[in-house]
Amino acid sequence: MMSKVLKLNNGRELPVVGLGTYKSGPGEVKKAIKDAIDAGYRHFDCAWFYGNEAEVGIGLRAKIDEGKVKRQDLFITSKLWNNFHAKDQVVPMLKETLNNLKLDYVDLYLIHWPFGFKETASLWPVGKGAAAYSDVDYLETWQGMEECVNLGLAKSIGISNFNAEQIERLLKNCKIKPVCNQVEVNPNLNQKKLIEFCKQRDIVVVGYCPLAAISLGISVIPKSVTKSRIIENIDIDFTLDPEDVAYLDSCNKNQRVCPLAEFKNHKYYSFNTEY
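So that you can map any letter, position 36 of the sequence shown is 36 in the UniProt record's numbering, and since no number is skipped, the others follow by simple counting.
Set out below in structure tokens:
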């Protein structure tokens with residue numbers, strides 16, 4: 001039977017399957033959270049950018065209040081958005097997230113992308129080019145992330161959408177090591193080289209847009225608001241046959257669902273390298 005948790009490099013445990021909340025609309029995400037907790041989920045992936053953290057918090061609080069779960073049973077992830085990469089903005093943005101979720105801490109806080117936008121830019125400044133880009137180094141951002149741990153606002157910190165070169169640079173300049181790298185993983189983009197790179201450095205990979213990615217020994221966060229699919233996605237009491245894994249490997253085309261190519265000229269854009 002496949003393990004249902006992964007051990008992080010700080011000793012904490014991450015449930016292998018979590019519920020993603022991206023593009024879960026108003027009125028949908030609260031019910032999805034409640035259905036997921038009833039189905040056995042304890043890992044929930046959120047982000048300030050998704051705009052639905054308050055409703056996620058309502059769903060979580062409802063299940064805590066009815067005694068279905070305790071806060072310490074849950075693993076809640078959120079992410080710092082690109083407009084707030086300056087060191088002195090990190091803690092205030094996490095506090096805003098905590099206020100939205102009505103929680104005292106998150107279990108995991110991530111830098112959503114390694115590249116930043118100016119605070120005055122729109123949240124998705126397509127077509128604005130360099131005029132909207134911030135040149136804040138993600139190493140500075142990481143110092144703010146470390147402060148979140150020091151203040152007890154985040155139990156663990158990590159990164160998302162970082163490439164191998166960026167991870168190596170971060171590891172050489174951090175006081176607290178990232179516990180995970182959340183990236184796109186699916187048959188068209190199996191990320192085997194990046195997964196192995198992270199594994200060698202004791203960094204867990206969490207896959208978004210996943211399909212059968214759990215066979216790679218990573219955590220996955222499939223998104224659904226449909227109760228039947230929510231239940232199906234956590235039913236992992238099986239393993240794939242070697243020939244099935246080989247077939248999935250053959251599907252790899254290194255094609256991304258989320259390339260964010262409109263920002264490829266940013267100095268910290270992460271998809272200009274092999275992995």
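Ideal Cβ placement from N, Cα and C applies to all residues, glycine included. These figures come from a predicted structure and were not determined experimentally.
What distance in whole Å lies between the Cβ atoms of residue j and residue i, which are believed to be in contact at a cut-off of 8 Å?
{"i": "residue 45", "j": "residue 19", "result": "7 Å"}
{"i": "residue 183", "j": "residue 194", "result": "7 Å"}
{"i": "residue 71", "j": "residue 102", "result": "In fact, because the Cβ distance is near 10 Å, the residues do not count as touching under 8 Å."}
{"i": "residue 340", "j": "residue 257", "result": "Only positions 1 to 275 of the chain appear in this structure, which leaves residue 340 out of reach."}
{"i": "residue 34", "j": "residue 63", "result": "6 Å"}
{"i": "residue 276", "j": "residue 127", "result": "This structure does not reach residue 276, given that the chain is present from 1 up to 275, and the question cannot be answered."}
{"i": "residue 52", "j": "residue 16", "result": "In fact, because the Cβ distance is near 24 Å, the residues do not count as touching under 8 Å."}
{"i": "residue 162", "j": "residue 112", "result": "Actually they are not in contact, since the Cβ atoms of residue 162 and residue 112 sit about 10 Å apart, beyond 8 Å."}
{"i": "residue 223", "j": "residue 21", "result": "7 Å"}
{"i": "residue 115", "j": "residue 263", "result": "6 Å"}
Would you call the CB atoms of residue i and residue j closer than 8 Å?
{"i": "residue 117", "j": "residue 130", "result": "no"}
{"i": "residue 186", "j": "residue 253", "result": "no"}
{"i": "residue 123", "j": "residue 170", "result": "no"}
{"i": "residue 234", "j": "residue 54", "result": "no"}
{"i": "residue 175", "j": "residue 146", "result": "yes"}
{"i": "residue 47", "j": "residue 87", "result": "no"}
{"i": "residue 164", "j": "residue 275", "result": "yes"}
{"i": "residue 167", "j": "residue 190", "result": "no"}
{"i": "residue 100", "j": "residue 59", "result": "no"}
{"i": "residue 219", "j": "residue 6", "result": "yes"}
Among the residues of its own chain, which have a CB less than 8 Å from the CB of residue i, if the five just before and after it don't count?
{"i": "residue 95", "result": "153"}
{"i": "residue 68", "result": "37, 38"}
{"i": "residue 81", "result": "47, 48, 49, 93, 112, 123"}
Looking only at its chain, what residues have a beta carbon closer than 7 Å to the beta carbon of residue i, apart from the 5 residues adjacent to it on each side?
{"i": "residue 202", "result": "9"}
{"i": "residue 156", "result": "8, 10, 12, 107, 108, 179"}
{"i": "residue 272", "result": "264"}
{"i": "residue 36", "result": "19, 230"}
{"i": "residue 151", "result": "91"}
What residues are listed by DSSP as bridge partners for residue i?
{"i": "residue 13", "result": "7"}
{"i": "residue 181", "result": "159, 205"}
Excluding the 5 residues flanking residue i on each side, which residues of the same chain have their C-beta closer than 6 Å to its C-beta?
{"i": "residue 120", "result": "none"}
**Request:** Could you pull out every unbroken beta strand (DSSP E) segment of at least 3 residues lying fully inside the segment 60–101, listed in chain order?
**Result:** 75–80
**Request:** Could you pull out every unbroken alpha helix (DSSP H) segment of at least 4 residues lying fully inside the segment 116–178, listed in chain order?
**Result:** 138–150, 164–171
**Prompt:** Which full runs of the beta strand (DSSP E) of 3+ residues lie inside the segment 16–49, going along the chain?
**Reply:** 43–45
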